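Engineer:
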Amino acid sequence: MKTLSQNKFLNVLLKNKKNYNKFTLKIEDRNPKWLYGLHNHAEFLNYMNPHDKCLWDALIPGYKEKLKPEGLYKLKKVIGIFLLENGNHKIVCKIYKSGYNSKNAEKETNAYMKRYFKKHKLKHSWILMSPF
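Just add 7 to wherever you are in the sequence shown, counting from 1, and you've got the working numbering.
Now the structure itself:
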């Protein structure tokens, strides 16, 4: 398990675009109220965020169904990053799984942002890394 600061984690993640499939995401079984309208929330295995002492968060929009909790998926690409003032950033990801819909992914992500920031009232910014 590696505990990596924001800069170190983002550097490791974004410098390895050709090797995204080496990152494993584990689907979480979350209470729906903490999904903010998103179907699937995951964590980057083996990478700890020191700000909340949990694994780095991955949001997986664009799938109609809720993926099986504890399911493991390889990262296909980073769509974008929600940078939060408290350091508990959210990485929006696409995984290797059929059934992905880019229009739904964009809608889900926008809905998540609105609900999350309305609830937590944190300063934030959105960085789009690649098209949905």
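Glycine included, each C-beta is placed from N, C-alpha and C at the ideal position.
Owing to the predicted nature of the structure, the values given are computational and were not obtained by experimental measurement.
(1) Please name the residue, chosen from Asn26, Asp36, Asn18, that lies closest to Lys81 on a Cα-to-Cα basis.
(2) Would you be able to state if there are at least three C-beta pairs under 8 Å between the region 68 to 82 and the region 42 to 58?
(3) If you follow the beta strand (DSSP E) that Phe51 is in, where does it begin and where does it stop?
(4) Give me the Cα-Cα distance between Lys97 and Ser12, rounded to the nearest whole angstrom.
(5) Please classify Tyr70: does DSSP put it in a helix, a strand, or coil?
(6) Could you compute how far the alpha carbon of Lys9 sits from the alpha carbon of Leu17?
Structural biologist: Working from what's here:
(1) For the purposes of this step, residue 81 is taken as residue 74 along the sequence shown, with counting starting at 1. With distances taken between Cα atoms, Lys81 lies closest to Asn26.
(2) Taking one beta carbon from each stretch, the region 42 to 58 and the region 68 to 82 have 3 or more pairs nearer than 8 Å; the two touch.
(3) On the sequence shown, position 44 is the one that residue 51 refers to. Its beta strand (DSSP E) spans residues 48 to 56.
(4) For the purposes of this step, residue 97 is taken as the residue at position 90 of the sequence shown. For the purposes of this step, residue 12 is taken as the residue at position 5 of the sequence shown. Taking the straight line joining both Cα atoms gives about 14 Å.
(5) Within the sequence shown, residue 70 is the residue found at index 63, counting from 1. The answer is coil: DSSP assigns Tyr70 none of H, G, I, E or B.
(6) Position 2 of the sequence shown, counting from 1, holds the residue named residue 9. Position 10 of the sequence shown, counting from 1, holds the residue named residue 17. Cα to Cα, the separation comes out at about 13 Å.
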